[in-house]
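> Residue numbering for the sequence shown follows this note's numbering, starting at 122 and increasing by one per position.
Glycine included, every Cβ here is placed at the ideal spot set by N, Cα and C.
Could you have a look at this structure, given as structure tokens, before my questions?
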Amino acid sequence: MRENRMRTLLREGKPTIGTRVQSSLPNFIELIGRSGNFDYVEFLAEYAPYDLYALDNIARAIELSPNFTGLIKMERSAQEHLAVRAMAAGIQNLLFTDVRNVEDVRQCIRIVRPEVPGNDATHGMAGGRAAYGGIADLIRQFDDAVIVVMIEKKGAVENLEEILRVPGLDMIQFGPSDYGMSVGAGGQRNSPAVQEARDYTFKTALKMGVRARAEIMDVSDMEYYLNLGVKDFNISTDSAILSRFYAEQGGRLKEIVSKL
């Protein structure tokens, strides 16, 4: 069985570093893995266009690099189907969105874990690339999957302590944009209400022993989170990196050429 790098690091209490992509092109995934700087790449299926063949190719590209794994962020309405298909393709870890209460989180865990005696999980035998090693190997993969949930709704913040006590939850991520919408502060990521919820979410998770991941756009954004004790970071997205390059470098080039 291929090592799940993210699970290994969590077991050892070590930091994790990732980055996010909206493109399903395996070329981008391969470049990230070959850099040797990241533990995982997150495919933003919640936002991006893709098909099921793309999931296989994303997983294949990940497997070209050692000490590298994948995480998929899923849109809530499709999460059960997509989680099963992504894991069958070989994407090892799952990020669930829009949870609001304990039962939502329990359902996320049921979807991922293998249906064996002694639990209420629902993940059965899956075909696809992940099954090549046989069913015993497949069960270990399902058990090793890292389960992350977004804390991005008013209800999730209100029920945070109960959510963090759910067995099998590995990590949380605060979502300021969705949270702002849910409390009437849409488009106000830096409003006092959103910042208060962010602080409460991170501090409470870390106090209760649940890993809390910070999404940052630049290394200079780390200080606040480091001071809290955060050691899981995910930096930028392919679309943001390209957008910044085209705006900044394209703008400078255009300005220089316009003077010729």
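Is the Cβ-Cβ distance between V304 and A333 less than 8 Å?
no
> Is there contact here, the region 262-273 with the region 204-223, by at least three beta-carbon pairs under 8 Å?
At 8 Å Cβ cutoff, the stretches touch.
> Contact between the region 353-361 and the region 140-149 is defined here as three or more beta-carbon pairs at a separation below 8 Å; is this criterion met?
yes
> Tell me the residue span of the alpha helix (DSSP H) that contains I153.
P147 to S156
> When the distance is taken between beta carbons, is A247 closer than 8 Å to V205?
yes
> Can you tell me whether DSSP reads N348 as helix, strand or coil?
helix
> Are the region 182-195 and the region 153-170 touching by the rule of at least three beta carbon pairs closer than 8 Å?
In the pairwise beta carbon analysis, the region 182-195 is classified as touching the region 153-170: at least three pairs are separated by under 8 Å.
> Could you name the residues that DSSP lists as bridge partners for A390?
Outside the displayed span of the chain (122 to 381) sits residue 390, for which this structure offers no information.
> Write down every uninterrupted run of the beta strand (DSSP E) in the region 135-208 whose length is 3 residues or greater and which is fully enclosed by it, in chain order.
137-142, 161-165 and 190-195
> Pull the bridge partners of M271 from the DSSP assignment, please.
Q294
> Determine the extent of the beta strand (DSSP E) in which L216 is found, giving its start and end residues.
For L216, the uninterrupted beta strand (DSSP E) run begins and ends at N214 to F217, by DSSP.
> Which of the three DSSP states is assigned to P313 in this structure?
helix
> In terms of residues, what are the limits of the alpha helix (DSSP H) holding V223?
Here the alpha helix (DSSP H) through V223 covers V223 to V233.
> When the Cα atoms are used, what is the spatial distance from T190 to K380?
Taking the straight line from one Cα to the other gives about 48 Å.
> Taking only the alpha-carbon atoms, compute the straight-line gap between T419 and E283 and give it to the nearest angstrom.
Any property of residue 419 remains undetermined from this structure, which presents the chain solely from 122 to 381.
> Can you find the residues in the same chain that come closer than 8 Å, C-beta to C-beta, to G239, ignoring five residues on each side of it along the sequence?
none
> Assuming P147 and A182 are in contact, meaning their beta carbons sit under 8 Å apart, how far apart are those beta carbons, in whole angstroms?
4 Å
> Taking the beta carbon of H244 as the centre, do at least 16 other beta carbons fall within 10 Å, making it buried, or is it exposed?
buried
> How big is the Cα-Cα spacing for E184 and N178?
10 Å
> Should the region 308-328 be regarded as contacting the region 341-355, the criterion being three or more beta carbon pairs within less than 8 Å?
Touching, per the Cβ criterion.
> Over what stretch of residues does the alpha helix (DSSP H) that includes L259 continue unbroken?
I256 to D265
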